[in-house]
Amino acid sequence: MTTTSTAQVAADHRLSMDELAAVIARDIPAGSFVNLGIGQPTKIADHLPADSGVVLHTENGMLNMGPKAEADAIDPDLTNAGKVPVTELPGAAYFHHADSFAMMRGGHLDVCVLGAYQVAFDGDLANWTTGRPDDIPAVGGAMDLAIGAKDVYVMMTLFTRSGEPKLVPRCTYPLTGVGCVSRVYTDHGVFDVGPEGVRIRETYGIGADELAGRLGITPVPVKEQA
Amino acid sequence: MTTTSTAQVAADHRLSMDELAAVIARDIPAGSFVNLGIGQPTKIADHLPADSGVVLHTENGMLNMGPKAEADAIDPDLTNAGKVPVTELPGAAYFHHADSFAMMRGGHLDVCVLGAYQVAFDGDLANWTTGRPDDIPAVGGAMDLAIGAKDVYVMMTLFTRSGEPKLVPRCTYPLTGVGCVSRVYTDHGVFDVGPEGVRIRETYGIGADELAGRLGITPVPVKEQA
Amino acid sequence: MSRAEIVESADAAVAGIEDGSTVLVGGFGLAGMPFDLIDALIRQGAKDLTIVSNNAGNGDVGLAALLAADRVRKVLCSFPRQADSWVFDDLYRAGKIELEVVPQGNLAERMRAAGAGIGAFYCPTAVGTPLAEGKEVREIDGRTYLLEYPIKGDYALIGAHVADTLGNLVYRKTARNFGPVMATAATTTIVQVEQVVDAGKLDPEAVVTPSIYVDRIVQVTARHYTVQGAR
Amino acid sequence: MSRAEIVESADAAVAGIEDGSTVLVGGFGLAGMPFDLIDALIRQGAKDLTIVSNNAGNGDVGLAALLAADRVRKVLCSFPRQADSWVFDDLYRAGKIELEVVPQGNLAERMRAAGAGIGAFYCPTAVGTPLAEGKEVREIDGRTYLLEYPIKGDYALIGAHVADTLGNLVYRKTARNFGPVMATAATTTIVQVEQVVDAGKLDPEAVVTPSIYVDRIVQVTARHYTVQGAR
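Residue numbers (the working numbering), protein chains in the order written: chain V, 8 to 233; chain A, 8 to 233; chain Z, 52 to 282; chain D, 52 to 282.
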């Protein structure tokens, strides 16, 4: 039984990654401490309202990171986790790597947004290696981020270029973390995942039942949409 | 067989605690990082040559601690581990308690000098509680200091007021640390202790054989006196 | 945790602390002790508390006053017995308070572990001593260690020197002691400071406690005591 | 360890590093990487090294140059594969270098443990992943942890901003990264700085690495690279 018809069709088209970044920015509570993973999640910063009071953490040792640095503001001693030059905001603080990951592992970050190869309905995450023999394994801070933040969100396209779902019953790629993801933001819709299985929260340019069909899921009933 | 006759009679009288502090100060290598325990060991600081380059650590979060503060220099935010107001020297650094004890436990201090109730021939230390029922147990940093420094020296009178030796075959008081002491400085003489047993290094106002007799020890041969 | 709140009074800062809470209290002796927060906690009335602090009170002020007000069920500390710990001594000898003695470095490291998400750690301190009783022993690389577990607080009450409006903190000299560690180890961290400045006024390189660890801040007039009395 | 020595050249600073040493190398990408010390190490000639660093070299400078000079037997790092890690990639694919991938936070915490005298610790990171293989698993308070052991270096080569004549260090912005942790975890810590000042010139409240962790210091002219090349 699918009761996904209660999920809201929140947009009449599949979202671009920029539009999706705006959706995620909207869902991050004001005043949160947030880590935005390398790649697409970085875009979310551009959509946070100026008065959101959201404080960005970068795992290479900083709180209250500002936007990307341009031109003369580029300082090789000040980068984000993707090694991109960034800026500092008033009230910033620097700390070393052990302190930075203690902050993360200790559960002090409210939200972390990561990219993914695959997310399982129960919240398992695969985002660090394809496991292919020619793929040099490189984990960085992904496993620490996956288990550290109070809420781990994933931002990704819902399907691979060849049309395979990336939200899956069980990850086939090597895991980054077990049951760690709570929500998945995709171009086709937003999902809650976890021990109770997958629930469709809202959809973009597609009905919930059709989306459920494409994913081969029987979503659990949506109770109260936030 | 005792070969303690090779130990040097280094003074013609039993040393006062001040004289003993001077002896210990003499033995601390220049440039060492040193923690001086609460009580008598604090006196050692007064005997370190100005050019010794010895840096004092206090476990409540400071390196390069200066002498006791007097009058207007007293700052309630700046004390040593005995809660006595002290001063800071140029090149001081402050850190929190976890960092301070990491420094100690990690083996970065060269020398620590502690008082003791008893030291065993094999280097066991008892200096935190008599174990009597009316004695409120209080360990402070004693156990951390005992296992932390590269060399743990003890500074104490050799006999209790009632004449019992405090350098003993086996501690009868509750232990602070196992096999942790390397040298014992007393009013009657200096001893190396450790896995190879006790050796008399030098004596004050008493011959080595007589001293050995009073302690009931058969010291191992003294090889090379430093 | 979301942004730190700057409150108007020490009473507002300690509001809501429940009976039976575990409260981490900063300070080494009297240096760094959050006197205003403790006095407010006495007025607030929470009882049956477990207090984690280096000492068990000095003289009649701060933690000693909280103990004297009969609000504390148990003390975890490294060094209860001092020249001026008469309040604790009397309660302890009368069997009115529970005591768990923890070596000072373990107290700090166990709180750090709580703040850093470490499940437990092997520590060489206290091996072979009475304080090793009941602890798991393990040999690693030829050295013997004890397994030590985190100490987590429901609340931390600490003193710092200056806060900025975001909640970043700096301390003064050896009054820093346990504050930065306790701030990481409690669900709710409450700080008294001598001054609050605008965000951007503290050197980002010199912040000791980043704002993420701070929940409530109150500015108070500095009160200092030495172990021998008020000054 | 006794007082830090200020030496005249990067070559003097790295003198005596033996073949087969484990060398902790600071930096996150190129920020904080001790370029002058690495170049001197290449000239010095030590080989068969085990390198512990966050990355495995960027472009053709720093760590990448050391790898290209065929001095490294094994790399322990969190993130070898980057847009500009061609030197490592080629060596790895040719089977000419060993790789141990360690999650970034574990890399930092395991070095901290080495510096702090912790025998091992239970860490929640990597549970249930391929990187958990062979590690001891333990459940504590309902959560699953892996047992992680310290990573100790024979040498640490790090970059800092300013040193005082005693050896106290401060860093600059996110170039701080692994430097302070590595300084605690190595038998001999060698630091390149942009400036040496007299003891007393650094704010004691703002010292990040206390002098006790520093053995040799050399002042160099700042050289910076970004990941995309020199600038």
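All residues carry an ideal CB built from backbone N, CA and C; glycine is no exception.
Values in this document were obtained by computation on a predicted structure and should not be read as measured data.
I think L158(D) touches N105(D), with their Cβ atoms under 8 Å apart; what is that distance to the nearest whole Å?
Here residue 158(D) refers to the residue found at position 107 of the fourth sequence. Here residue 105(D) refers to the residue found at position 54 of the fourth sequence. Going by Cβ atoms, the distance from L158(D) to N105(D) rounds to 7 Å, so yes, they are a contact pair.
Among S129(D), R132(D) and I102(D), which residue has its Cα nearest to the Cα of L118(D)?
Here residue 118(D) refers to the residue found at position 67 when the fourth sequence is read from its first residue. The shortest Cα separation from L118(D) among S129(D), R132(D) and I102(D) belongs to I102(D).
Under 7 Å Cβ to Cβ from Y211(A), same chain only, skipping five residues before and after it: list those, please.
Locating residue 211(A) in the second sequence gives position 204, where the first residue counts as 1. The residues are A17, A18, H20, R21, L22, D194, H195 and G196.
Would you give the residue range spanned by the beta strand (DSSP E) that Y313(A) belongs to?
Outside the displayed range of chain A (8 to 233) lies residue 313(A), so it cannot be described from this structure.
Please classify I224(V): does DSSP put it in a helix, a strand, or coil?
As a working mapping, residue 224(V) is identified with position 217 in the first sequence. Residue state, collapsed to three classes: coil.
Quick one: which residues of the segment 187-198 of chain D get their C-beta closer than 8 Å to a C-beta of chain Z? List them in chain order.
R189, I191, D192, R194 and Y196
What does V236(V) touch in chain Z if you count any residue whose Cβ is under 8 Å from its own?
Since the displayed chain V opens at 8 and closes at 233, residue 236(V) lies outside it and no answer follows.
Just the C-alpha distance for T239(D) and G214(A), rounded to the nearest angstrom, thanks.
Position 188 of the fourth sequence, counted from the first residue, corresponds to residue 239(D). Position 207 of the second sequence, counted from the first residue, corresponds to residue 214(A). T239(D) and G214(A): Cα-Cα distance of roughly 43 Å.
Three or more beta-carbon pairs under 8 Å between the segment 64-78 of chain V and the segment 260-277 of chain Z, yes or no?
yes
Counting along the chain, where does the beta strand (DSSP E) carrying I209(Z) start and finish?
What you label residue 209(Z) is simply residue 158 of the third sequence in a count that begins at 1. Taken as a continuous stretch (DSSP letters only), the beta strand (DSSP E) holding I209(Z) covers G204 to G210.
Roughly how many angstroms lie between the CA atoms of Y124(A) and T183(V), to the nearest whole one?
Counted from its first residue, the second sequence places residue 124(A) at position 117. Counted from its first residue, the first sequence places residue 183(V) at position 176. The alpha-carbon atoms of Y124(A) and T183(V) are separated by roughly 54 Å.
Mind checking K147(D): buried by the 16 CB within 10 Å criterion, or exposed?
Sequence index remark: in the fourth sequence, residue 147(D) carries index 96 (1-based). Its Cβ having fewer than 16 others within 10 Å, K147(D) is exposed.
Is it true that the segment 34-53 of chain V meets the segment 106-125 of chain V, where meeting means three or more beta-carbon pairs spaced less than 8 Å apart?
yes
Go ahead and label R161(D) buried or exposed: buried means 16 or more other beta carbons lie within 10 angstroms of its beta carbon, across all protein chains shown.
Mapped onto the fourth sequence, residue 161(D) falls at position 110. It is buried - the Cβ of R161(D) has at least 16 other Cβ atoms within 10 Å.
Between which two residues does the beta strand (DSSP E) carrying P74(A) extend?
The count along the second sequence starts at 1 and reaches residue 74(A) at position 67. Per DSSP, P74(A) belongs to the beta strand (DSSP E) from M69 to K75.
I'd like the list of long-range same chain contacts for D249(Z), defined as Cβ closer than 7 Å, with 5 residues on each side in sequence excluded.
By one-based count along the third sequence, residue 249(Z) stands at place 198. Excluding positions up to five away in sequence, the list reads D215 and T216.
List, in chain order, every chain A residue whose beta-carbon is nearer than 7 Å to that of D205(D).
Sequence index remark: in the fourth sequence, residue 205(D) carries index 154 (1-based). Within chain A, no residue comes near D205(D); the closest Cβ sits about 15 Å away, beyond 7 Å.
Under 8 Å Cβ to Cβ from G220(V), same chain only, skipping five residues before and after it: list those, please.
Numbered from 1 along the first sequence, position 213 holds the residue referred to as residue 220(V). For G220(V), where only same-chain residues beyond five positions count, there are no Cβ hits under 8 Å.
Between K125(D) and A153(V), what straight-line distance do the alpha-carbon atoms span, to the nearest angstrom?
Numbered from 1 along the fourth sequence, position 74 holds the residue referred to as residue 125(D). Numbered from 1 along the first sequence, position 146 holds the residue referred to as residue 153(V). For K125(D) and A153(V), the distance between alpha carbons rounds to 27 Å.
Do T195(Z) and V178(Z) have their C-beta atoms closer together than 8 Å?
The residue labelled residue 195(Z) in the question sits at position 144 within the third sequence. The residue labelled residue 178(Z) in the question sits at position 127 within the third sequence. Against a cut-off of 8 Å, the Cβ pair of V178(Z) and T195(Z) comes out as a contact.
For the beta strand (DSSP E) that D235(A) lies in, which residues bound it at each end?
As displayed, chain A neither begins before 8 nor continues past 233, which places residue 235(A) out of reach and without an answer.
Just curious, the alpha helix (DSSP H) that T235(Z) is in, first and last residue?
On the third sequence, residue 235(Z) is found 184 positions in, with the first residue counted as 1. T235(Z) -> alpha helix (DSSP H) spans G230 to A236.
Using a C-beta cutoff of 8 Å, does I169(D) count as contacting chain Z?
To locate residue 169(D), count along the fourth sequence from 1; it is residue 118. For I169(D), the answer is yes, since a Cβ of chain Z falls inside 8 Å of its Cβ.
Are R54(Z) and G73(V) closer than 8 Å when you measure CB to CB?
Taking the first residue of the third sequence as 1, we reach residue 54(Z) at position 3. Taking the first residue of the first sequence as 1, we reach residue 73(V) at position 66. No, Cβ-Cβ distance for R54(Z) and G73(V) is not below 8 Å.
Thinking L81(Z) and G113(Z) are a contact (beta carbons under 8 Å), I'd like their distance in whole angstroms, please.
Counting from 1 along the third sequence, the entry for residue 81(Z) is found at position 30. Counting from 1 along the third sequence, the entry for residue 113(Z) is found at position 62. Indeed, because the Cβ distance is near 7 Å, the residues count as touching under 8 Å.
Please name the residues in the segment 118-138 of chain V whose beta-carbon is closer than 7 Å to at least one beta-carbon of chain D, in chain order.
none
On a CA-only basis, which of D84(A), V161(A), Y180(A) and A78(A) is nearest V30(A)? Give me that one, please.
Working through the second sequence from its first residue, we reach residue 30(A) at position 23. When each option's Cα is compared against that of V30(A), the closest is V161(A).
Chain D beta carbons: is any one of them nearer than 8 Å to that of R190(V)?
Against the first sequence, residue 190(V) aligns to sequence position 183. So no, R190(V) is outside the interface.
DSSP three-state label for E256(Z), please.
What you label residue 256(Z) is simply residue 205 of the third sequence in a count that begins at 1. It is coil, neither helix nor strand.
Can you list, in chain order, the residues of the segment 145-176 of chain Z whose Cβ is nearer than 7 Å to any Cβ on chain A?
V152, P154, Q155, G156, A159, E160, R163, P175 and T176
Please report the distance separating the alpha-carbon of V146(A) from that of A107(Z).
By 1-based counting over the second sequence, the position of residue 146(A) is 139. By 1-based counting over the third sequence, the position of residue 107(Z) is 56. C-alpha separation (whole angstroms): 13 Å.
Given this structure, state the Cα-to-Cα distance separating G148(A) from G156(Z), to the nearest angstrom.
Position 141 of the second sequence holds residue 148(A). Position 105 of the third sequence holds residue 156(Z). C-alpha separation (whole angstroms): 6 Å.
Output the residue ranges of the beta strand (DSSP E) runs that lie fully inside the segment 118-206 of chain A and measure 3 residues or longer, sorted by chain position.
118-121, 125-127, 158-163, 190-193 and 196-199
Between the C-alpha atoms of V185(A) and G130(A), what's the straight-line distance to the nearest angstrom?
Your numbering for residue 185(A) matches position 178 in the second sequence. Your numbering for residue 130(A) matches position 123 in the second sequence. Cα to Cα, V185(A) sits roughly 7 Å from G130(A).
Do I209(Z) and A234(Z) have their CB atoms nearer than 8 Å?
Residue 209(Z) sits at position 158 when you count from the first residue of the third sequence. Residue 234(Z) sits at position 183 when you count from the first residue of the third sequence. Going by C-beta atoms, I209(Z) is nearer than 8 Å to A234(Z).
Are the segment 196-205 of chain Z and the segment 216-229 of chain D touching, with three or more C-beta to C-beta distances below 8 Å?
no
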